[in-house]
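**Q** Residue numbers (our numbering), protein chains in the order written: chain A, 200 to 504; chain B, 191 to 503. Submitted below is the structure of interest, expressed as structure tokens.
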Amino acid sequence: MNAPTVNPAPPGVAVAPDLPDLLPDIKPRRGLVGFVQRHPTIAVGGALLILIVLMGLLAPYLATVDPTALAPARRTRAPSPEHWFGTDMLGRDIYSRVVYGARVSLTVGFSVAIIASAAGLAIGLVSGFVRRADGIVMRVMDGLMSIPPILLAIALMALTRGSVGNVILAITIAEIPRVSRLVRGVVLSLREQPYVDAAIAAGTRAPMIILRHILPNTMAPMTVQATYICGSAMIVEAILSFIGAGTPPTIPSWGNIMAEGRALWQVKPFIVFFPAAFLSVTVLAVNLVGDGLRDALDPRATRRL
Amino acid sequence: MLTYVARRILATIPVMAVVALFVFSLLYIAPGDPAAVIAGDQATPADVERIRASLGLDRPFLIRFGEWVWLILHGDLGTSIFTNLPVSKMIAQRIEPTVSLMAVTLALSVAVAVPIGVVAAWKAGTWIDRLIMAFAVFGFSVPVFVIGYLLAYVFALELEWLPVQGYTPLAEGVGPWLQNLILPATALGCVYIALIARMTRAAMLEVLSQDYIRTARAKGIGQYGILFVHALKNASVPIVTVIGIGIALLIGGAVVTESVFAIPGLGRLTVDAILRRDYPVIQGVVLLFSFVYVLVNLMIDLLYTVLDPRIRY
């Protein structure tokens, strides 16, 4: 191999040696590996979350027995090869109940996140754009926000019979004020942007401005917020079920299993332990995704938080 | 300044009005007819009607709301359906454990969270910072009753260092009182510590990049002087704000923590009231907690001028 011909230096002139290439090879890795490298928290949280979603979906195939099957002869058995997580006071298999319980937590978490985001988005957009509505809407939201969310959900649950739908509704109502506030704040700052002025000057109607210019910009903070709502909704559902104001006891949910194990926790701690561990890991997974999204979508916030 | 204080206090009135309206509607739309409950099983429809009229339950919504507010302003929260005791009296009987729990949690959380938040900001990007922030994520994710059971299992059942459950009134001595509160306060404080530590770190990072911090360093002020005197004071407004907002977490968490540790406080009262559908008690507790929450945040708003003299109204 011949090196490219360079004119030989005239005699007597010193030639500097070639400088080494100091710039490292920047080769952004693509595909899965690259994604994991760039967003480790999203990857870890997302992987955990996918596993738990799969567990909920495939519950009938994973669970060893019917989670509601009573077996009074085999009450409060310790974990064994036969009953992986032991049995509860009524002899029901805790492993099966925990696996099915994932369905309740996931349903409540995702439903609340979606419904609260949609409602909060609508209220926040109206409030941020319609000056006349703003005062009243925000006073109502301030009022609702000054009731601690768990207490608000408890109060609403006291009104209705326990069902998964009512739990979702109660937690959603408790979460809406915060989302509305967030969206309203974003809308108010976006309204001052020159491109919105330009759109108004060009005669664009308000609905079109909202759709084209405002809505897309609220998506990033909304997505992050929705993730956090999902995590906190799962915790609130468990709390409501735990104190007996949530999912009806006939449905195995993590909060219910813990509520049933409460009386025996000093002697049979495993009844409380397994649902508690699954709940914590699930919420952790959701929060990791939230943190990762926040860092990915708003690089400025990363430096601050 | 005075006009600001007055305006800020006035601004809480519509907020409390919304809360009151909401809480009243709760009773108004609550299932079950109190008149029928009081009349008993043997009553004829005419009896029920008579009792309803004597209780004033047949009058319009707004008139009843006005009367209810009037009574509350005079300290009358109604009567429990279940025990027939005045709600205000029931709350008074149960308030000490809850106030103790929240006070100890608040003190513990601030004492832990602010220093670790400052350290995380000071060592930003190092493993100490990562460790503290990882703890914060865990604090947000692990529900309060899970931490509660874990702590009780390890420190009370296995190691037997602290009592498992229960509450000792303050009147019986600070030692026993505190002993019973350490585990519940730690459990309840975890989320709160995570919240405050995160905010402290964020606010400190912002302040530490300011020019006057470099000036202070150039003057030869030591690291701790810079962190805790110059920086922390200037970072205090967002930290104090989040401490106030976080009270909502404490209130919600107290309901559960009291159930886990068998503390006979307002949280237990709420849980019992829900199981019995004792709406006046639920109303009273929600109203009281919301009032306290609004009041705390009002005081924090007024504190801003003290913390940061640059803020003027």
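Backbone N, C-alpha and C define an ideal beta-carbon position, used for all residues, glycine too. None of the values given here were measured: they were computed from a predicted structure.
Does the CB of PRO333(B) have a neighbour CB from chain A at under 7 Å?
**A** For PRO333(B), the answer is yes, since a Cβ of chain A falls inside 7 Å of its Cβ.
**Q** Report buried or exposed for PRO451(A), applying the criterion of at least 16 other Cβ atoms within 10 angstroms of its Cβ.
**A** That one is buried.
**Q** For ARG284(B), which option in GLY412(B), ALA463(B), GLY256(B), THR202(B) has the closest C-alpha, if you only look at C-alpha atoms?
**A** Closest by alpha carbon: ALA463(B).
**Q** Could you tell me how far apart the beta carbons of VAL300(B) and ILE433(B) are, in whole angstroms, since I believe they sit closer than 8 Å?
**A** Right, the Cβ-Cβ distance comes to about 7 Å (below 8 Å), so this counts as a contact.
**Q** Does ARG503(A) come within less than 7 Å of chain B when only Cβ atoms are used?
**A** At ARG503(A), the pLDDT of 42 sits below 50, so the modelled position is not reliable; the number obtained from the coordinates is stated separately. Yes, because at least one Cβ of chain B sits closer than 7 Å to the Cβ of ARG503(A).
**Q** Relative to the C-alpha of GLN400(B), which residue among ASN424(B), GLU350(B), ALA377(B), LEU385(B) is closest?
**A** The residue with the shortest Cα to Cα distance from GLN400(B) is ASN424(B).
**Q** Is the CB-CB distance between GLY338(B) and THR447(B) below 7 Å?
**A** Cβ distance < 7 Å, so GLY338(B) and THR447(B) count as in contact.
**Q** Could you check where the alpha helix (DSSP H) with TYR218(B) kicks off and where it finishes?
**A** Looking at the DSSP string, the run of the alpha helix (DSSP H) that includes TYR218(B) is 192-218.
**Q** Listed from N- to C-terminal order along the chain, which residues in the stretch 435-447 of chain B have their beta-carbon within a distance smaller than 7 Å of any beta-carbon of chain A?
**A** Per Cβ criterion, the list reads ALA438, ILE441, GLY442, VAL445, VAL446.
**Q** Would you list the one or two residues that DSSP bridges to PRO276(B)?
**A** Paired residues: THR269(B).
**Q** Cutting at 8 Å between CB atoms, please list the residues of its own chain near LEU257(A), excluding the five before and the five after it.
**A** Same-chain partners within the cutoff: there are none.
**Q** Taking 6 Å as the cut-off, is the C-beta of VAL298(A) nearer than that to any heavy atom in the ligand COA?
**A** The ligand COA is not part of the structure shown, which contains no ligands of any sort.
**Q** Step through the CB atoms of chain B and report whether any lies within less than 7 Å of the CB of SER345(A).
**A** SER345(A) counts as touching chain B.
**Q** Answer with buried or exposed for PHE330(B), where buried requires no fewer than 16 other C-beta atoms within 10 angstroms of its C-beta.
**A** Under this definition PHE330(B) is a buried residue.
**Q** Are the C-beta atoms of ALA462(A) and some chain B residue less than 7 Å apart?
**A** No - not a single Cβ of chain B is within 7 Å of the one on ALA462(A).
**Q** When burial is assigned at 16 or more other CB atoms within 10 Å of the CB, is ARG331(A) buried or exposed?
**A** ARG331(A) should be labelled exposed.
**Q** Curious, which full-length alpha helix (DSSP H) runs of at least 4 residues does the stretch 329-386 of chain A contain?
**A** Entirely contained in the stretch 329-386 of chain A, the alpha helix (DSSP H) runs reaching 4 residues are, in chain order, 330-344, 348-358.
**Q** Per DSSP, what kind of secondary structure is THR481(A) in: helix, strand or coil?
**A** Helix at THR481(A).
**Q** With a 10 Å radius around its C-beta and 16 neighbouring C-beta atoms as the bar for buried, classify PHE451(B) as buried or exposed.
**A** Its Cβ being crowded by 16 or more others within 10 Å, PHE451(B) is buried.
**Q** Quick one: what does DSSP say PHE309(A) is sitting in, helix, strand or coil?
**A** Helix at PHE309(A).
**Q** With 8 Å as the C-beta to C-beta threshold (strictly closer), list the residues of the stretch 270-295 of chain B near chain A in chain order.
**A** Residues: none.
**Q** Take the Cβ of VAL435(A) as the centre, count every other Cβ of all protein chains shown within 10 Å, and call the residue buried at 16 or more, exposed below.
**A** So VAL435(A) ends up on the buried side.
**Q** Between which two residues does the alpha helix (DSSP H) harbouring TRP260(B) extend?
**A** Element bounds for TRP260(B): 251-263.
**Q** Whose C-alpha, out of GLY415(B), ILE253(B), ARG388(B), TYR494(B), is nearest the C-alpha of MET323(B)?
**A** Ranking the options by Cα distance to MET323(B), first place goes to ARG388(B).
**Q** Roughly how many angstroms separate the alpha carbons of LEU355(A) and THR273(B), rounded to a whole number?
**A** Distance between the alpha carbons of LEU355(A) and THR273(B) is about 22 Å.
**Q** Chain B beta carbons: is any one of them nearer than 7 Å to that of SER515(A)?
**A** Since the first and last residues shown for chain A are 200 and 504, residue 515(A) lies out of range.
**Q** Mapping DSSP to helix, strand and coil, what is MET200(A)?
**A** Confidence is the limiting factor: at MET200(A) the pLDDT is only 47, short of 50, which leaves the residue's position unreliable, though a coordinate-based value still follows. Coil at MET200(A), not helix or strand.
**Q** Tell me the residue span of the alpha helix (DSSP H) that contains PRO393(A).
**A** Where PRO393(A) is concerned, the enclosing alpha helix (DSSP H) stretches over 393-400.
**Q** How should LYS467(A) be labelled, buried or exposed, when 16 other C-beta atoms within 10 angstroms of its C-beta is the threshold for buried?
**A** Buried, since its Cβ has 16 or more Cβ neighbours within 10 Å.
**Q** Three-state secondary structure (DSSP) at THR390(B)?
**A** Looking at THR390(B) - three-state DSSP - the assignment turns out to be helix.
**Q** Out of curiosity, what's the CA-to-CA distance linking ILE322(A) and ALA432(A)?
**A** Rounded to the nearest angstrom, the two C-alpha atoms are 20 Å apart.
**Q** Against PHE509(A), what residues of chain B qualify as contacts under a CB-to-CB distance less than 9 Å, listed in chain order?
**A** Examination of residue 509(A) is not possible in this model, given that chain A is present from 200 through 504 alone.
**Q** For GLY443(A), decide whether its Cβ has a neighbour in chain B, counting only Cβ atoms nearer than 7 Å.
**A** Judged by the 7 Å Cβ criterion, GLY443(A) is in contact with chain B.
**Q** Under 6 Å Cβ to Cβ from VAL486(B), same chain only, skipping five residues before and after it: list those, please.
**A** GLY434, ILE437.
**Q** Just list the residues that DSSP pairs THR286(A) with in beta bridges.
**A** Answer by DSSP bridge pairing, in chain order: ASP292(A).
**Q** Should ILE490(B) be flagged as near chain A, meaning a C-beta pair shorter than 7 Å?
**A** It does not; no Cβ of chain A falls within 7 Å.
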